[in-house]
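Have a look at the structure below before the remarks.
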Amino acid sequence: MSRTTRLLTLLQVLRGKKRAVTAASLAAELEVSERTLYRDIAELTALGAPIHGEAGIGYVLRSGLFLPPLMLNADETEAIVLGLRYVDQRGDEVLGKAAADALAKIAAVLDPQAQEALRNPTVMPGPPGYGFPQNAVALNVFRHAIRDQAKLHIDYADARQMPSQRLIWPLALGFLNEVRIIVAWCELRSAYRTFRTDRISAASAQGERYPGRRSDLLRTWREQMKLDESGRFTADKN
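For the sequence shown, UniProt numbering begins at 1 and goes up steadily by one.
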């Protein structure tokens with residue numbers, strides 16, 4: 001993380017805190033040393049950020065005009081809130097926390113009119129579903145493989161409980177109403193496939209990157225889905 005990115009991240013973290021937070025807690029959240037955190041706090045303060053700190057209590061970002069408010073109208077605010085609350089319902093723990101953090105950051109920089117739309121939106125997501133099947137493999141395993149473009153060896157069972165072993169190129173995670181899936185290129189089938197994550201009993205990286213760009217592979221997959229609308233997210237046809 002670059003220094004500029006780190007400073008902006010620290011500022012956003014402080015914006016999302018309602019109470020004073022200790023240097024140790026901030027340093028742990030940002031994954032930096034306390035020495036680095038103290039230096040960053042001093043630099044932000046010198047730039048005009050209204051950060052107040054007391055020994056034994058921690059740091060808090062006071063209200064001020066350090067950054068201009070985020071200019072969103074009521075409809076834009078409600079669209080963002082609806083999307084983040086949907087993520088909170090359908091996402092896993094990682095995405096749920098990310099949605100809550102993002103909402104806190106947005107709330108901290110909205111103008112008064114948009115704040116009202118945030119507190120009392122006219123739209124809301126439907127009720128939560130019945131939950132998701134338990135995964136044997138943590139979703140973070142797939143996230144890391146997707147970001148690293150790492151080939152994964154998986155043990156998979158289809159809807160008839162027929163087991164198979166696959167070498168896949170993971171491209172994206174999909175969060176449906178009742179299941180989670182992983183979109184991938186399957187070397188066994190030489191084709192794009194979607195796999196239900198709860199039917200993957202084991203997954204291991206092979207220490208090998210798959211070729212090409214993930215964005216290009218995803219674009220090709222989307223084009224294929226448009227040609228076959230009935231085949232979208234058919235995780236049982238592998």
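The beta-carbon is built from N, C-alpha and C at its ideal position, and this holds for glycine as well.
Rounded to whole angstroms, the Cβ separation of asparagine 73 and alanine 102 is 19 Å, and the two are not in contact under 8 Å.
Beta-bridge partners assigned by DSSP to phenylalanine 175: Arg180. Per DSSP, reduced to three states, the secondary structure at alanine 150 is strand. The distance from the Cβ of valine 60 to that of arginine 19 is about 7 Å, consistent with a contact at the 8 Å cut-off. Straight-line measurement puts the Cα of tryptophan 169 at about 10 Å from the Cα of alanine 205. Take the alpha-carbon of alanine 49 and the one of serine 215: they are about 38 Å apart.
Excluding the 5 residues flanking it on each side, leucine 30 has same chain C-beta neighbours closer than 8 Å at Arg6, Thr9, Leu10, Val13, Leu37, in chain order. For leucine 95, the uninterrupted alpha helix (DSSP H) run begins and ends at 93 to 108, by DSSP. Residue environment: aspartate 75 is assigned as exposed (fewer than 16 neighbouring CB atoms within 10 Å of its CB, all protein chains considered). Inclusion of lysine 151 and leucine 171 in the CB contact set at 7 Å is not warranted, their separation being larger than that value.
Only buried fits tyrosine 210, as 16 or more other CB atoms lie within 10 angstroms of its CB. Excluding sequence positions up to five before and after glutamate 34, its CB lies within less than 7 Å of the CB of Ala23, Ala24, Ala27, all in the same chain and listed in chain order.
Out of Trp221, Val179, Met162, Arg213, the CA that lies nearest to the CA of alanine 191 is found in Trp221.
In this structure valine 21 is buried. Its beta-carbon is surrounded by 16 or more other beta-carbon atoms within 10 angstroms. With contacts defined as CB atoms closer than 7 Å, proline 125 and glutamine 165 fail to qualify as a contacting pair. Nearest neighbour of valine 94 by Cα position, chosen from Ala138, Ile154, Leu47, Asn177, turns out to be Ala138.
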